[in-house]
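A.B. asks: First the structure, which I've put down as C-alpha cells, then a few questions once you've had a look.
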Amino acid sequence: MARKRNDRDRDRDRDKNSAASNLRQRKRYCFFCKENIDIIDYKNTGMLERHISDRGKIRPRRSSGNCVQHQRKVATAIKRARVMALIPYYKR
C-alpha cells in the first residue's frame with residue numbers, strides 16, 4: 002500500500018531545495034529604465050548585440066533583465082536590424 006505524503010514530507014523537501022536557492026543570482030534591472038533611455042534605435046548595433054546570444058537568438062527577459070516594454074522594443078529593433086543586414090540572423 003502506498004504511503005500518503007503529508008505536510009512534513011513537503012517541508013523536508015522544501016528545506017533540501019532551499020540550500021540550492023541560496024546560490025541565486027542577484028536580481029537584474031532593466032538597463033534602459035536605469036539609464037533613462039526611451040528610444041531604442043535599430044542602427045545602434047553595439048547595444049543590440051548585448052541582447053543577442055552567441056547563437057544569434059534574442060535573449061529572453063529573464064536573462065537580459067529588461068522590463069516588458071523595453072524587451073518588446075529591443076526585439077523589434079533587432080528584427081529591423083536583421084532585415085537591414087546590420088545584424089546577422091545566425092552566428093557561427
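Numbering (this note's numbering), first residue to last: 2 to 93.
Ideal Cβ placement from N, Cα and C applies to all residues, glycine included.
Considering only residues of the segment 23 to 67, which uninterrupted beta strand (DSSP E) runs meet the minimum length of 3 residues and lie entirely inside it, listed in chain order?
C.D. replies: Listed in chain order, there is nothing to give.
A.B. asks: At the level of alpha carbons, what is the spacing between ARG83 and TYR90?
C.D. replies: Going from the Cα of ARG83 to the Cα of TYR90 covers about 6 Å.
A.B. asks: In angstroms with no decimal places, state the Cα-to-Cα distance between GLN72 and ARG62.
C.D. replies: Roughly 7 Å separates the two Cα atoms.
A.B. asks: Roughly how many angstroms lie between the CA atoms of PHE101 and THR77, to the nearest whole one?
C.D. replies: With the chain represented from 2 up to 93, any question about residue 101 goes unanswered, as that position is not in the structure.
A.B. asks: Could you check which residue in GLY66, LEU49, ASP55 and GLU50 has the C-alpha nearest to that of LYS28?
C.D. replies: Minimum Cα distance to LYS28 is reached at GLY66.
A.B. asks: Reducing DSSP to helix, strand and coil, say where LYS74 ends up.
C.D. replies: Note: LYS74 maps to helix in three-state DSSP.
A.B. asks: Alpha carbon to alpha carbon, how far is ASN37 from ALA86?
C.D. replies: If I take the Cα positions, the gap works out to 28 Å.
A.B. asks: State yes or no: is the C-beta of ILE79 within less than 8 Å of the C-beta of ILE40?
C.D. replies: No, they are not a contact pair.
A.B. asks: Say yes only if the C-beta of ARG73 is nearer than 7 Å to one or more non-hydrogen atoms of the ligand NAP, and no if none qualify.
C.D. replies: This structure lacks the ligand NAP; in fact it carries no ligand of any kind.
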